[in-house]
Structure formats: C-alpha cells, structure tokens
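Chains as they are written, first to last, in my numbering: chain A, 119 to 295; chain B, 224 to 1001; chain C, 192 to 489. Presented below is the structure to which this report refers.
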Amino acid sequence: MANHTISVTVNGGKEYLDVPSNMTLLQMLREKLALTGTKNGCAAGECGACTVLVDGEPVNSCMMLAVEADGCEVTTVEGLAHRETLRVSENPKGLSALQEAFVEHNAVQCGFCTPGVLISAHALLERNPHPTDDEVREALVGNLCRCTGYLRIVEAVQAAAKAAPETGAGSLEGGAQ
Amino acid sequence: MTAIRMASTTDPVGKSVPRIDVYEKVTGAAVFADDMQFGPGLYYGRLVRSPHAHALIKHIDASKALELPGVKAVVTGADVNARIGLYLIDRPVFATDRVRVVGEPVAGVVATSEAVAEQAVRLVEVEYEELPAVFDPVEAARPDAPLLHPDLGEYEVANFIFPEPGTNISEHFKLRKGDPASAWPQCTAIVEGTFRLPQIQHVPIEPHVAVALWETAGGVTLWTCSQSPFAQRDLISQSLGIPHGNLRVVSPYVGGGFGGKAGVSMEVYAVVLARAVKGHPVKVRMTREEEFIGTTTRQSLVAHTKIGCDAEGNLLAMETEYYFGGGAYNDYGVNIARAAGYSCTGPYRIPNVKGDSYCVYTNRPIGSAMRGFGMPEIHWGIEQIMDQLAEKIGMDPAEFRRRNCVKAGDTILTGMEMPAVDLVACIDKVAEAIGWGQDEEPSAPHKRRGKGVAIMWKAPAMPPNPGSSAIVRFNEDATVNVEIGAQDLGQGAFTVVAQMAAQVLGVPYEWVRISVPVDTKYSPYEWQTVASRITWSTGNAVKAAAQDARRQILEIVAEHWGEDIKDLDIKDGKVVSFKSEREQPLQNMVVYGLPNENFEGWKGGPIVGQGHFMPTYVTNLDFETGQGTRAVVHYTVGAQAVDLEVDTETGQVEVLKIASAYDVGKAINPDLVMAQIEGGAVHGMSSAFEALRFDESGQPLNPSLVDYRIATSVDAPQEIHGDIVETPLEDGPWGARGVGEHVMVQTAPAIANAINDALGIRFNDLPLSAEKIFLALE
Amino acid sequence: MHASMPGLSTFDYVKPASLSEASRFLVEHDGGARPFMGGTDLFVRMRDGFIRPQAVVDLKHLPGMRDILYDEQAGLTVGAAATMNQVARHPDVQAHYPLLAEAASSVASYQLRNRATLGGNLCNGSPAADSGPAVLVLGGRLVLYGPSGEREVPAAGFFLGPGQTAIRPGELMTAIRFPILPAGNAGRYLKLGRNKAGDLAIAGVAVFGFPDGQAASGYRFRIGLASVAPVPLRALAAEEVLAANPPGEESFALAAAKAMEAASPIDDVRASAAYRKAMVRNLTLRGLREVWERIRET
C-alpha cells in the first residue's frame, strides 16, 4: 500500500506527515497528531462526531482520506478559539463566543458530540451570521446528540450569533483580537 | 458571561451553577476512553463473531490467523473457561459449547494493529451445527421451545431472582394482592390489550472502548468508559479469579451511557485478551455496527394487560403478564423483569392485582439495563389502557389519572407505604403547560392535531444494600478534592456532588474539584451509576464526608479560640464565630493545622473527611405474592403531555410541544434537572420510533445509523416545557431524589395517546412510524 | 457474513494528473481500481467489505471537474465533482435551475454535502439518488470521457439498473449539462425520509412544469421518481395525462395515480412497497399543486 508525504495546516500550524493511503483524516488527527478532541462515533459519516473544518467547510473527517487533506487547512475543536472571529473580548479562558454560549446555556452533557457540534455551528455562523432556528437545526442535522435534546444547542448558537460583532462573517477585522 | 466564571458561588445547593466539567468538554480537552494514550506497546483486539442465532460450536481452527504477521494471540472460550454475570452468572466469556445469538463472540484475536486483528478474525475458521432458534419471548417461554440454557440450574444467582431450570425462564416475579377475580364483576369498564415493544439500543454517541493490561507480576488494569467501575471490577474479578485488590478499573469521562455501560458487556474481552499477551495493553473497540448488536440492548416485551374500573372511575383490578425478551444472556435483564413485576401497576392505586413478570431467554442480542429499566416498557401499555378506560366511562384522561394516581401514604401493590410525592401537582402542571382541554387548530387541512398525557413512576431497582462512599480532602489553598466512585455520564453527577460538598463545607462551589477519572485504586466505593441514584445516594455520602471534614475543622478552631463549637460556622471559606466575630480562613490550616500560642506546639493537620451511605431498610419480598414491608427505597414520579400533528398524507408525526413535570424532591441544580427533562423528552420521543430489526433467521437488518434512525436536531420538538415539583425525600440530601431515567419513561405512550386524540386510532405495537400510521389511516 | 470493519481495507491512492491518465489507469486496472470524488458512497461500502479495490482513483482535481458554468445560450454545465453544497448555493443554479439546488440540498447533512458530488451521486447508480429525478426532468445530459474520447448520454439512458449505469470501462463522468429551461418554469423536489431531514429517500418526487403552447393543456409537466424502482425514472404516462388535460385537481389526481403505477418499489428495511407507492401518489399530487400555483401566474 502506498504511503504519501503530505503537508497539512492544522489549527494554524503546518504539519509534515507520512500517511498510508487508507488512513482517514480522522485517524490522522487522532493518531498522528494526538488531537483527540475530534471523535470517532460511527466511521460512516452519520453521527458527525468527527466533524472538522477543511478549508473552512465542515466535513466528516472519517469519510475523507488523510492524503486528500494535502495542502489544506484543517481546523479542529482545539483550534476553534484561535480561528474564531466571533470572539468575546476579555475572555480569560480564551474561548470563542460559541464555546462561551455553550457553557452559559448548559448545551453540553456527556460532551462527546460537542466538538463536532461546535465545528458545524461555527461554520454556520461564518456563512450565515443570523440564522433562524430552523436554519440552525438544519445545519446540525448531521450532528447526532443523544443527551441534550438539541434545544439548548440551538439556543446557544443563537446566543453566540447575537453576541457577534456586526461586521461581516469571516472578517478578521471585527471584534477584539 | 465572564461574571459567571469569576464568580464565587456560596450556598450553591439549589442554584443553577455551570457544570464543573463544561470547560473541558467545549475545548475538546475532556479525555474519553479512546483518547487515552498507551504508547507503542499497545496491541489491538478484534472479536470472531457467530453468524448463527443458535448453534453448537463443533470446532475452532485459529492456525491460519496465528500465521498472519502481526498476530500475537488467539483466545477462545476453552482458553477462558469462565462465566460472568451480575444477578445471574450465565454468560461464558467467549462462547464455549454453543452460540446463542448472531454476533456472539467465540474468540478474540490480538495483533499489533486493529486492521491486522480484523484480517486475522476473518481467518479463524469455526465449524457450527445450527440449532432451532426462538426469538419471541412468549414462544420461548413455552415448555416445548428450544432450550437455550440447559445448565440454568447450575448458574449462581442472586437470592431475589428465581429462574426456572429446564425452561428459558430466567426470572419469574409474582405479584398477588387482593383478588382480581372477584373484582372484575364490579367493574363498569374493563380494557384488555396485548402490547409489543421491539428491542432498541442506547446509541450513545461514544461506542464502547476497553483497554486492558495484564502485568506479568499479576496486576490487571482495565481502562474503559464505564458507568460502574466497581461493579465491573467485581464481576470480572469473580469471573476470572482475580483478587479485587489486584484488578484496577479506570474510567474517564463517559460519552453517554443510558445503562449500556453499566455492567460488563465487552470489557471482559479486553481483559482475557490482555492475559494472553502479558505486559502489553490491548485495546478493543466496538464499531458502531457492533455497538448495536454486540454490546447490550433494551429488552423486548410482550405484555398482556387487563385493567378495570368502576363507574366513578376508581381502578379496581389489574391482571398483567409481562414477557421480557431478555436475549441470549439475562444476567442483568432478570432484575428488569423483577422491577417491572414489583412496579407492575404503574403509578396507580389498584386494590386487586395479579402480576406475573418473566424474563425469557431468546436468541437475540443481550437485553440489559437501559434508561428506565423496565418502566418505559410497561408504561407503554398501562398508559394507553388508562386512556381507554377514561374514555369508556366518559372521564377526562387527566382527571382519571388525578383520581387514581398514587399519593403519599397509599398502600401500593407490594404492601409498601407510598412515600410522599405529588403526582397530582405534576399532572396539573403539564395540563396547564400543554393547554389541556383546549382544542387547537392543525396547521394545514391535511393535518390532524392531538394531545396526550401520561404519568409514570420508577424506583431505583437495586439489590437491598447498594452503597456509596466519598472522601473530601483539602488542599493547602483550601480548594477541595472530592473523591467519589460515581460517574458523570453527562447527567451532571460531578456538578451536583461538588455543589453539595461546597454547601456543607461552607466554601464557594468554585473551590471544589471532582477527581477524574474514577479509579478503583484511589476512588472510594460506589455500587453503580445507574437507577438515577447518584444525587440521592452519593449525595448522602458526600454530605456525610463533608460534614466529617467540617466537624474536624470546627473542632480545631474551637479549641484554638477556646470557644464552643456550637458558636462557629464556615462561611465563604472562613471559619467564623457568631460570638466573638473572629475569622479564620481555611487556607493553610486545612493542611498545616494551627499553631498554639507562641508557637508552643500545633493542633490539627491535613483535613480528610470520609462518609458513606447505604440504605438499610429494604426488605425481601415474598416469592409467591411479591409482598413485603419495603420493596424499594423510594419512587420518583412525573407526568408528560404531548401536543402533536399528524400529516394524513404521509403519516408523519410532528411533535410540537412536550410538557414535563417531575417531583425531584429538591433540585440541587435546577438547570441540570431541566437539561434532563429536555434530553429525556427527545430520547423518549425518539424511542417510540426506534427498533432493532431482524430477519427470520435472526440476522440483524439495521445495525447502523443509516438504518437505525434516532432523533436529529430537526426532529426535536419546537418547544419543551419543564416544571420541577419539590416534595422532599425523607432521606434525600436536602430532600433530593433522582430523575435521570424518569424523564423518558412515558413519552411513547403520551405520543400514542396524542395520536389517538388526533386520529382515533390506537397503536399497541412499537415502533411507531409514518408508514404504520399512514397505512392504518388508509 | 458481511461485517463492517473498523477501518478501510488497504489500497493505493492514485491521483492522476489528466483525464487521459485517469482513463488509462481505469482501463488497465479494470475491476481493481475504483474512481471516486467525494467518497461518501465508496468508503462506506469499502468498510462494509462489499468492495475491496486495489486502488482508488481521485478524479476531483481534474480540469473542469469542479466548475459550475452558466451560459445564456448553452445552459448550465456542472462539473461532475461539484459538491452538493457547491451546486446548491451557486447563484446561477439558484437563479436558473432552483429545482437542482433543491435536490442537491436535500442530500444527507451539510457535512456530507461538502463531500458528496453531483457526478458521484449519479455514477453510483443508486435507485435512491436524490439528484436522479432532478437531472431527468431538467433534461440533463452526462458528459463521459473515456478511451474513445468524449461522449454525451442523456440522463434518461444513463441508469440501467441498481448500481448499474451506462458508464463503460475506463470512462469517467466529467460534467452534467442542462439546457436552457423553458420560460415560466417552476419545479419542486419532495423527499420523504424516516427523519424530517438528513435521511435517504424512501420516496423522492421531482415535479417540473412550464407553459407549452404545443401541449393540448397549454402546460407540460415532467415527473421524476427516486427510490421506488430499480432506477430513477420519469413517470411518462402521468406526464401525458397532464399534457392532454387542463391542469386542476382532476388531472392532478389522475396523473398522481399514473405516477404510482409507474413505480415498482420493493419492501426493504426502510419502507414497504405499499407505502412507497402511496407516497409516490401523494407527493406527486403535492408537487403538482405547488408547481401549478407558481407557473399559472406567469
């Protein structure tokens, strides 16, 4: 089986890795980089626990080969706070507004789906800064949660949306850096 | 927002403080079982599974597997030669002479990578001789059914479980109260029905993972996502003959349990595989497909139930038979049948009851603990019959329940006196929240709208003597480490325990840490994190431990000041005297003690408080009648109402609103109770539409998330309204009792009742589906 | 017994630099090499053990595969590797082919739509392909590149059976072309799954309508069905009813019944044939009413 040398930017840092053809991006993150925040829930693209951003778009990392990420920018939950444009100023814990909102609204129980949910929600707010409740739910349909019943997750996403500075999504100019 | 984190929350009991583990979880830092790192010596295990539902094992040939480079060992049932179980020790660790379900592990392979182990699994050759299989519990209970456990009479069994050797019946609980036969003639209305529930699965988002290390010197460590590290230690220790003190079970955060990680399912395989490669940790992970059929499930049920009432709507009599499809091994399931038996009336006062509850072996995946532990299964039929009785005598269903529901002081079906709870208040609250009695317009001409109500009760289903213990120890800066053996599965156990400790100690909530992971080597004993018992039981233990620590501190300071201990208190992290108004911060003194005057000696030292709690009042129940002084520790009760619409053109159900009210005694953290209410409502709703499906030969048809659908964010109702009722539990910490399971027990029948309100059609069998509803309408 | 594996089988990942190189590789390794773009179908089936290729050939970087181009004369060209999300949010697709956007956005979840491609969905040849009915009713033509060069296949002739398409060994789909649509058109894709969203289709109905002076009724409707037959298909008899009879409840009911007859679904773990047939009827009726409301105004 072929091995590939790839370079991937993960959470803002460039990584040079040797990956076998059949290694998924999820396995690469967890096993080669010890970024265990992203979870393995089904290995079939159904549960969304493995969701990461690849070039800004959420994908199920279990359904993508590591070698396909060559040259790409990957963001995992560990990198959310750094990437975040919706940051709340004077945040002593260095969390994004979205993460803060999840804390405040108790939108977390067992926490296993949380990283994937945060990634999907983050991407939603970047492309649609003021979604309706239905749009939030639809954006999260690929992130299964068995604990919370989803309503608080929607609440938290909406709270983060309201906390965002009024500048355009994706802009790094807005808000405190 | 920052205000909350900089906060210093004194007197936290009753306040909705943020979860103690929330920061770890939103940053991805929280470590789960598969996140733990074991270094380059880690091996992987994969299991060889039976393709047959029932078959004798004639021969196993692992030679080709052993030749594959990277394979380190193959372990079969003959190598282990041990059984394991909780209430009934009926399960061989790796099948020995026969397999009893498709997917039953017959051997395990250890290799240097998961892929090689998987390859090797496919090289193990097993020769089977198929046997007739049986899948339906009623059929399996018949004397002429294929016998799954011929050795049932030889299995060790708890003294409150009564298997019937020579049959497939692993437990039979009898409830006899009054005389239903003489009561039927007095009934104005009688409703009888057969209700069927399929097996469903917990579907925790985290699949099971277990890593085991068997040291050459004999110590064994098991790392796994466990609700019950001590129970797992106990079961594996007894099964494999490892002294308890030599077996260490470590459990980090659990990514959802719902009962599926409560006992031992796949964890023991990691241990026996590790024994074959001593010195190397071995990791066994379930794929999602294996999670569905190779861990545990909720048992199926066939219920024949008959209930009657008089013209005024007073319930007079009930006869019921519950046949639980326990699957291939019933080691945990027998207690579900028992619990269903001693609670078989549901939360109602019925003077004449005849109940028979059976746990039956079937060639199906193992039925075990799942959220509700028999209560969702039996309430499905009971709550629909109650609606039908109300209809027959022309009474409003909510009113019917107000009239007949259990109240404090009632003698319930086992002869026990019902502790104080307020189910009527719960009914009132949900009726108000759902707009009970108000007909609402459907949102379109082809839709029908309906409302339904259902009530429930559940007691923790435990042996009579399940214990909790806790240790409270101070650090130099007066932060506190609380050690417990209970687990946080997401329900918030760590948070409420920290609140309770802080409350008693008189320190801010933010000073408390809960020691994670739970580790049987260091954590104090906890029976299991099940049964919605932690807030109550571990709470009592923590309270006791904190009181112990507090007493130690006050004694030192009282002596130091020459004051009476009765005049002292600890507030906001300082000992204060009401009399002299002196203050002594806890910092330093909780480790170093206090110097005498002129440093002529010291008093005090490291403060370590310990406490435990174990109920002492549960009694036996008579085998023939199920009667006894105290069957259970207590009951939690609640009500739910559902408002939904049915699209008559497709059969699709849209649940608009769920209203829930539960009597929790005391909400230690009201927001966490609400979180349980919301999550439970959606889980309960989803459970009405879920089913594990099998073909005629017992092959699973939908063991994947593609075809076993659970509720998504789009399926969740628009609104969930929760109310908390607080009737204190006599021996609950601040009056608290549990609620984690109760919140999803009666959602399915509430939905069925609402559909009946909308369409005039009843469904006795789960799962519901758009298809089933549509075809019933046509 | 087919048991899902924890990970993917071993294979070589191949990323050809040109269409001809890709085609050659597929010919040389016919049977052992699998083309892929998003991988959402392939990887699942590989883990389930149904397919064990020696090589997977990544096509999505080949020239033009991701392009979405609209020309007022020529129509819409969608590169085969355009993801469902790219198709759904493209301004020209939304403006001129909204039915295609609707079908694309009905697939699975947002994450999967960032990987699933229009071409892949069609090449997979699943009877349940959500893009199938839309491509059929919009008159899509599939551009295939192979050893003998480039050819175009109308969508109607593309689906041959469950998992079988008109693609020959060594061929790969490079684009899907849609003609300029008739003026005053409207369309709707109605999908029924077990969940309200995010599921496969138990039944999928695409209804497309436009004014047509050449039709006796003055209007022409096209009806495409997914998941109710061995292939996605058009309900031609239903369409004839609508061409011949004035639009209204009566002709819609008749057409819906004809659409139901065109369906030959199976019983499977997801739904029964009886339910699927009834849903074809009810969804067709719904779709016709909605589309009619929009085109009658023009």
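Idealized CB from N, CA, C, for every residue including glycine.
Residue i at chain C interface by Cβ criterion, 7 angstroms
i	result
A/Ser139	yes
A/Asn246	no
B/Thr935	yes
B/Asn586	no
B/Asp988	no
B/Asp554	no
B/Thr518	no
A/Thr169	yes
B/Leu924	yes
A/Gly212	no
B/Met224	With a pLDDT of 37 at B/Met224, under the threshold of 50, the modelled position of that residue is not reliable, and no figure is offered here.
Short CB-CB distance (under 7 angstroms) between residue i and chain B
i	result
A/Val259	yes
A/Pro249	no
A/Asn178	no
C/Ser195	yes
Opposing strand residues paired with residue i [DSSP bridges]
i	result
C/Trp483	For C/Trp483, which the question treats as bridged, DSSP gives no partner whatsoever.
B/Leu538	B/Cys532
B/Pro818	B/Trp825
C/Pro402	C/Tyr410
C/Ala417	C/Gly395
A/Thr142	A/Leu183
A/Thr123	A/Asp136
B/Cys628	B/Tyr571
Min CB distance residue i to chain A below 7 angstroms
i	result
C/Arg306	yes
B/Val249	yes
C/Ala388	yes
B/Pro241	yes
C/Asp258	no
C/Asp232	no
B/Asp894	yes
Collapsed DSSP secondary structure at residue i in the structure displayed
i	result
B/Lys529	strand
B/Tyr732	helix
B/Cys649	helix
C/Ser322	helix
A/Cys190	coil
B/Ile978	helix
B/Pro452	helix
B/Trp680	strand
C/Pro345	strand
B/Tyr858	coil
B/Lys281	strand
A/Lys132	strand
B/Gly549	strand
Identity of the residue in the options nearest residue i by Cα
i	options	result
B/Ala534	B/Met598, B/Glu614, B/Phe515 and B/Leu895	B/Glu614
A/Asn261	B/Ser273, B/Pro972, B/Pro951 and B/Ile933	B/Ile933
B/Ile757	B/Ile707, B/Gly796 and B/Asp742	B/Ile707
B/Glu348	B/Val361, B/Pro360, B/Gly331 and B/Thr335	B/Gly331
B/Glu1001	B/Thr873, B/Leu270 and B/Tyr546	B/Thr873
A/Cys160	B/Ala540, B/Arg511, B/Lys826 and B/Ile589	B/Arg511
Near the ligand MN: residue i beta-carbon under 6 angstroms from a heavy atom
i	result
C/Thr268	Ligands are entirely absent from the displayed structure, and the ligand MN is therefore not among its contents.
**Request:** May I have a chain-ordered list of the beta strand (DSSP E) segments no shorter than 3 residues that lie completely inside the region 456-508 of chain B?
**Result:** 470-474 and 505-508
**Request:** Write down every uninterrupted run of the beta strand (DSSP E) in the region 883-925 of chain B whose length is 3 residues or greater and which is fully enclosed by it, in chain order.
**Result:** none
**Item:** Completely contained alpha helix (DSSP H) runs for the region 248-305 of chain C, where each covers 4 or more residues
**Value:** 275-280, 282-287, 289-296 and 301-304
**Item:** 3-residue-minimum beta strand (DSSP E) runs that sit fully inside the region 263-321 of chain B, ordered along the chain
**Value:** 266-272, 278-284 and 294-299
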